[in-house]
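Per our numbering, the sequence shown runs over residues 32 to 150.
We treat Cβ as the ideally placed atom computed from N, Cα and C, and that holds for glycine.
Please read these numbers as outputs of a predicted model, since none were measured by experiment.
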Amino acid sequence: LLLKTNVEKCLEIKQLISQKFGLSSNEIYLEKDGRRLSADVNISGVAQCRVRVLGGKGGFGSMLRAIGAQIEKTTNREACRDLSGRRLRDINEEKRLKAVLEKMGDLERESQERKKTEN
32 LLLKTNVEKC
42 LEIKQLISQK
52 FGLSSNEIYL
62 EKDGRRLSAD
72 VNISGVAQCR
82 VRVLGGKGGF
92 GSMLRAIGAQ
102 IEKTTNREAC
112 RDLSGRRLRD
122 INEEKRLKAV
132 LEKMGDLERE
142 SQERKKTEN
């Protein structure tokens, strides 16, 4: 909102804004350079009009606690990375693959030994 007026007193500007927008003068305040202006101050230049917003009833913290109790904490850390930057999923998959290849090698050796003993 840009309001150009000849009025210089802060109180008069607040009353003008209150009438124009149907607000109580208690609901608004004027600031200049980040500082709140008192009613008897003369304003030169640009001032910002701020509207007070009433706070809610609260209870947000208790709502977060209630939701937090319902959320299951994950134990899956597969997407995390180790200190060298590799994903744990990839490292675990390598371990599984090595174990499978080792078992396959053992089974292959056993089958060859059986063939030798049968012949």
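In DSSP terms, what residue i is bridged to
i, result
"L47", "For L47, which the question treats as bridged, DSSP gives no partner whatsoever."
"R66", "K63"
"C80", "L61"
"R112", "R118"
Residue i to residue j span [Cα, whole Å]
i, j, result
"A78", "S115", "55 Å"
"L132", "M94", "51 Å"
"R117", "E125", "12 Å"
"E144", "Q101", "57 Å"
"R127", "K146", "29 Å"
"A97", "G89", "14 Å"
"R112", "R140", "37 Å"
Simplified DSSP assignment, three categories, for residue i
i, result
"V72", "coil"
"C41", "helix"
"G90", "coil"
"N123", "helix"
"T106", "coil"
"L85", "coil"
"L54", "coil"
Beta-carbon proximity check, residue i vs residue j, cutoff 9 Å
i, j, result
"K51", "A70", "no"
"G58", "S49", "At residue 58 the sequence reads Glu, which differs from the Gly that was named. Cβ atoms of E58 and S49: closer than 9 Å."
"I74", "K40", "yes"
"R120", "A130", "no"
"V84", "L54", "no"
"Y9", "L47", "With the chain running from 32 to 150 in the structure shown, residue 9 is simply not present."
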